[in-house]
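Structure first, then comments.
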């Protein structure tokens with residue numbers, strides 16, 4: 001029985017029975033980029049939030065960001081992995097044999113000076 005001042009939460013029927021969901025991104029998207037990540041497996045549903053398995057960790061996400069995933073039962077489920085947020089590898093510059101780092105002349109501000117071939 002509802003009481004005054006306590007809002008009742010409603011969960012769509014398709015989310016109550018879903019095993020996998022898509023989660024809406026809250027970032028600016030590039031053109032033609034999907035607004036949802038996933039599918040992610042539901043571990044424990046609650047009233048207004050579900051506990052999901054995202055990658056190798058469990059996370060609690062509000063149902064306001066969900067879209068139920070309708071997947072083919074016959075095919076194996078490919079669960080989406082979150083993007084890798086590690087630092088990019090450092091690339092060491094390679095120099096040509098003709099242009100070694102010692103023969104490069106620079107200004108005080110660091111700009112490279114190229115000498116014209118007719119003045120050599």
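Residue numbers (full-length UniProt numbering): 1 to 120.
We treat Cβ as the ideally placed atom computed from N, Cα and C, and that holds for glycine.
Tell me whether the beta-carbon of residue 20 lies closer than 8 Å to the beta-carbon of residue 36. For residue 20 and residue 36, no; Cβs fall outside 8 Å.
Distance, Cα to Cα, residue 58 vs residue 46? 14 Å
Per DSSP, what kind of secondary structure is residue 37 in: helix, strand or coil? In this structure, DSSP gives residue 37 an extended state, which the three-state scheme calls strand.
Applying the 10 Å Cβ sphere with the 16-neighbour rule, what's the burial state of residue 112? It counts as exposed.
Examine the Cβ distances between the segment 23-32 and the segment 8-15 and report whether three or more of them are shorter than 8 Å. no
Alpha-carbon to alpha-carbon, residue 32 and residue 89: The alpha-carbon separation between residue 89 and residue 32 amounts to approximately 28 Å.
Based on the DSSP output, what are the partners of residue 21 in its beta bridges? Here residue 21 is bridged, per DSSP, to 40 and 68.
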